[in-house]
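Asks: Numbering (the UniProt record's numbering), first residue to last: 1 to 165.
All C-beta atoms, glycine included, are put in the ideal place defined by N, C-alpha and C.
Note that the structure is a prediction, hence the values are computed from the model and not measured.
1. Taking C-beta to C-beta, are residue 126 and residue 120 nearer than 8 Å?
2. Can you tell which of 117, 95, 149, 50 has the C-alpha that lies nearest to the C-alpha of residue 124?
3. Enumerate in chain order the residues of its own chain whose CB-to-CB distance from residue 138 is below 6 Å, with the five nearest sequence positions on each side excluded.
4. To the nearest whole angstrom, what separates the beta carbons of residue 39 and residue 77, a pair I think is in contact under 8 Å?
5. Contact between the stretch 79-87 and the stretch 102-113: three or more CB pairs below 8 Å?
6. Under three-state DSSP, which class holds residue 93?
7. In or out: residue 71 buried (at least 16 other Cβ within 10 Å) or exposed?
8. Looking at residue 59: is its Cβ nearer than 8 Å to the Cβ of residue 146?
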C-alpha cells in the first residue's frame, strides 16, 4: 500500500512518532510511505516558533532510520494542507483526531476532481501524564516534554494552554 501522512513535526513528539509508525505499519515492506513536511512559510502560521525545514527534515530522517524499516519512503515539502494528496495515486492517509476533518476534506476534493476516495486511518492523540493531548504547542510552552512528561511549574514558560495535538 502507498500511505501518506503529513505535518509540521516540530518538535517531533510521541504523538507524531505513533502517526508515522502507523503509516509504516499500514504500508508493509512492499509499500511506500510519503511524509508531507510543511515548508517554512506554511509552518509559520503556527502560534509558536518553528525550527527550520532542514532541521525538521533531519529529525524525521533520523526517526525513520530508528524504525529499521525496509519499506520505501520519501519526504515531500508541503506548501498547503493538501500537498499532493488531491492528485496523487495512493491508498490511505493516516491522520490524528485533530486532523481527521482535513482527511475528510481531502476525500471531498478528490471526488470533485474525479479521483477515487482514499482510506482514512485515524489514530488517537497520545496523552500526556496529565491526561491531556501531547501537542507541540504544550511542549513549546514548557508544560510537557516530547514524551508527555509534565515539566515542573517553576521551570516552564508562562502562557495559556490548549489541547491541540
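Replies: The answer reads as follows:
1. Cβ atoms of residue 126 and residue 120: not closer than 8 Å.
2. 95
3. 144
4. 5 Å
5. yes
6. Look at residue 93 here: in three-state DSSP terms it is strand.
7. buried
8. no
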